[in-house]
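Report on one structure; see the data block that follows.
In this note's numbering, the protein residues as written are 1469 to 1584.
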């Protein structure tokens, strides 16, 4: 397991951002209210190993193949648990991860998310 966390809260703007941009932002609990409103806030966890293309993102019962990892993703996850996950798109910013898969995950408080 490279990284795993539990969803603490789902911001009020997460679903609209997912629909319009096909992405979600994750961040450690304790972030600002403004960031929390547009993010999936999660437990603070340790990045055990750098995330690389070819890894798997498991969100609830769904699995996604990681196809691209921005240059700042691993540092940001280690420091503040933050990155943006793009679904079926191409990462163009250094803090983004791209995954491929045909379904968007559900976003439920208490749900475990794993990257391996």
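Cβ coordinates follow ideal geometry from the N, Cα and C atoms, glycine included.
Boundaries of the alpha helix (DSSP H) in which residue i is found, first to last residue
i	result
residue 1501	1501–1505
residue 1544	1541–1548
Distance, residue j Cα to residue i Cα
i	j	result
residue 1476	residue 1498	10 Å
residue 1561	residue 1538	6 Å
residue 1576	residue 1478	7 Å
residue 1508	residue 1521	22 Å
residue 1470	residue 1485	26 Å
residue 1483	residue 1495	16 Å
residue 1578	residue 1548	19 Å
Own chain, CB closer than 7 Å to residue i, minus 5 neighbours either side, in chain order
i	result
residue 1573	1527, 1528 and 1530
residue 1580	1472 and 1474
residue 1523	1470, 1534, 1583 and 1584
Simplified DSSP assignment, three categories, for residue i
i	result
residue 1489	helix
residue 1477	strand
residue 1515	coil
residue 1530	strand
residue 1525	strand
Where the beta strand (DSSP E) through residue i begins and ends
i	result
residue 1552	1551–1555
residue 1577	Run containing residue 1577: none; DSSP gives neither H nor E here.
Close Cβ partners of residue i (< 6 Å) along its chain, the five nearest in sequence each way excluded
i	result
residue 1568	1533, 1535 and 1556
Own chain partners of residue i with C-beta closer than 8 Å, once the 5 adjacent residues on each side are dropped
i	result
residue 1624	The shown model of the chain, from 1469 to 1584, leaves out residue 1624, and the question about it has no answer.
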